[in-house]
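Below is one structure, written out as structure tokens, with a few remarks after it.
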Amino acid sequence: MPKSRFLLNELYNRNQYRGRFAPSPTGPLHFGSLVAAVGSYLDARHHQGKWLVRIEDLDTPRTVKGAADDILRTLEAYGLHWDEDVVFQSRRTAAYEEAFLQLKKTGEIYACACSRKEIADSALHYGNELIYPGTCRNGIEPGKLARSWRVRVNETPIGFIDRTQGEITQNLATGAGDFVVLRADGLFAYQLAVVVDDDAQRVTDVVRGADLLYSTPRQIYLQRLLGMDTPAYMHLPIAVNAQGEKLSKQTLAKPVEKDKAGATLFEVLMLLRQEPPAALRAAPAREILAWAIDNWQPDAFSKCCQFSVE
Ligand SMILES: [Zn+2]
3 MPKSRFLLNE LYNRNQYRGR FAPSPTGPLH FGSLVAAVGS YLDARHHQGK WLVRIEDLDT
63 PRTVKGAADD ILRTLEAYGL HWDEDVVFQS RRTAAYEEAF LQLKKTGEIY ACACSRKEIA
123 DSALHYGNEL IYPGTCRNGI EPGKLARSWR VRVNETPIGF IDRTQGEITQ NLATGAGDFV
183 VLRADGLFAY QLAVVVDDDA QRVTDVVRGA DLLYSTPRQI YLQRLLGMDT PAYMHLPIAV
243 NAQGEKLSKQ TLAKPVEKDK AGATLFEVLM LLRQEPPAAL RAAPAREILA WAIDNWQPDA
303 FSKCCQFSVE
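Under the working numbering, the letters of the sequence shown match residues 3 to 312, in that order.
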């Protein structure tokens with residue numbers, strides 16, 4: 003291919019770059035989520051792309067009132083300004099319903115009557131994960147009621163090249179099992195919603211924490227069943243505490259402070275091995291971000307899945 007043609011393609015792709023940050027509003031933004039926000043933001047801006055924000059408030063029982071707004075105010079305080087309107091999953095049920103009906107029509111999903119306890123008793127284990135053994139694949143037992151809906155998976159390995167973690171392959175039958183798309187409480191499952199939303203927002207590049215690395219094959223599987231494009235993926239190392247636990251609301255990670263944006267961003271860049279110049283340590287957020295966009299280097303944390311923070 004002539005060089006000029008290649009450059010044109012490069013340019014075209016860059017103009018099209020659409021990234022996103024998709025926090026769950028279960029509490030204020032904590033350091034672990036900030037790393038994902040900054041990583042996705044820098045990658046998008048480095049490629050002159052759009053950066054979108056989607057609030058994953060689909061899991062209504064876990065949603066904390068006021069948390070979404072607080073997260074958005076924190077992003078603003080950190081100079082992480084987004085493009086386009088913020089999307090709220092709680093307002094997108096019709097789109098999930100449509101995808102669900104498409105899967106139902108093509109026979110890719112089936113009703114499951116198993117209770118949580120029945121699954122725990124009969125499940126196969128894969129590491130710490132329970133693999134649903136497919137009890138209801140050929141119909142539910144007479145007298146039992148459908149609780150959730152699951153998608154049928156198979157032995158065909160699902161692989162992708164992660165931009166920093168390299169080649170990832172999973173056999174969904176042994177590594178994940180038939181997974182839920184509509185939960186027993188009537189809510190659409192995370193995996194389905196993410197796939198539908200990334201497609202609707204025309205996301206080209208997903209940059210998120212490595213805790214979601216092995217959700218990706220399930221999402222790619224759903225994309226294929228629904229005839230959707232698969233975006234590029236890049237999984238960032240996740241922040242863990244001294245006990246090796248992921249920083250989250252459950253591990254009581256502290257919220258990031260809105261009035262310490264510069265210092266905290268500097269810390270994020272250090273952890274992502276971006277080697278910011280020491281002179282930026284006391285700089286305002288926008289200056290640090292400007293430097294980081296120009297000098298963004300994802301190769302610096304390639305094959306790195308976690309780092310410890312105090
Ligand atoms: Zn079942």
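Note that CB positions come from ideal geometry on N, CA and C, so glycine has one too.
Can you give me the start and stop residues for the alpha helix (DSSP H) that Phe33 sits inside?
In the DSSP annotation of this structure, the continuous segment of the alpha helix (DSSP H) that includes Phe33 starts and ends at 33 to 48.
What does the alpha-carbon distance come out to for the pair Phe90 and Asn173?
So the alpha carbons of these two residues sit roughly 32 Å apart.
Is the beta carbon of Val40 sitting closer than 8 Å to the one on Leu267?
Taking 8 Å as the Cβ cut-off, Val40 and Leu267 qualify as a contacting pair.
Considering just the uninterrupted stretch of the beta strand (DSSP E) at Trp293, what are its terminal residues?
Boundaries for Trp293: no beta strand (DSSP E) harbours it, while the alpha helix (DSSP H) harbouring it runs 287 to 296, taken from the DSSP string.
Report buried or exposed for Val88, applying the criterion of at least 16 other Cβ atoms within 10 angstroms of its Cβ.
By the 10 Å Cβ count, Val88 comes out exposed.
What is the C-beta distance between Thr171 and Gly161, in whole angstroms, given that I count them as a contact (C-beta under 8 Å)?
The C-beta separation of Thr171 from Gly161 comes to about 4 Å, placing the pair in contact by the 8 Å criterion.
By Cβ distance, which residues of its chain are closer than 6 Å to Ala79, with the 5 residues on each side in sequence left out?
Only residues of its own chain outside the window of five on either side were considered, and among them Lys260, Ala263 have a CB closer than 6 Å to the CB of Ala79, listed in chain order.
Is any heavy atom in ligand 1 found nearer than 7 Å to the beta carbon of Ala38?
Flag unset: Cβ of Ala38 not near ligand 1.
In chain order, each alpha helix (DSSP H) run of at least 4 residues that lies wholly inside the stretch 208 to 256:
Whole alpha helix (DSSP H) segments, 4+ residues: 218 to 227.
For the beta strand (DSSP E) holding Lys52, just list the boundary residues, first then last.
Note, Lys52: beta strand (DSSP E), 52 to 57.
Please state whether the Cβ-Cβ distance between Gly211 and Leu184 is less than 8 Å.
No. Outside cutoff.
Please name the residue, chosen from Ala24, Ala69, Asp85, Pro30, that lies closest to Arg56 on a Cα-to-Cα basis.
Cα-wise, what sits closest to Arg56 is Ala24.
Does the Cβ-Cβ distance between Gln18 and Thr232 come in under 8 Å?
Their beta carbons are not under 8 Å apart, which means Gln18 does not touch Thr232 by this criterion.
Candidates Ala281, Thr166, Gln308: which alpha carbon is nearest Gln245's?
Per the Cα distances, Gln308.
Using 10 angstroms around the beta-carbon of Ile73, count the other beta-carbons present and answer buried if the total reaches 16, otherwise exposed.
Buried: at least 16 other Cβ atoms inside 10 Å.
Are the Cβ atoms of Leu31 and Thr76 separated by less than 8 Å?
For the pair Leu31 and Thr76, the CB atoms are nearer than the 8 Å cut-off.
With burial defined as no fewer than 16 other Cβ atoms inside 10 Å of the residue's Cβ, what is the status of Ser6: buried or exposed?
Below a pLDDT of 50, predicted positions are generally treated as unreliable, and Ser6, at 43, falls in that range; the measurement from the model is reported next regardless. With fewer than 16 other Cβ atoms from the protein chains shown falling within 10 Å of its own Cβ, Ser6 counts as exposed.
So what's Tyr19 in DSSP terms, helix, strand or just coil?
Per DSSP, reduced to three states, the secondary structure at Tyr19 is coil, with no helix or strand assignment.
How far does the beta strand (DSSP E) with Ala79 in it extend, from its first residue to its last?
First-last for Ala79: 69 to 79, but that is the alpha helix (DSSP H), not the beta strand (DSSP E).
Of the residues Ala113, Pro63, Ala241, the one placed nearest Leu147, counting alpha carbons only
Of the listed residues, the one whose Cα sits closest to Leu147 is Ala113.
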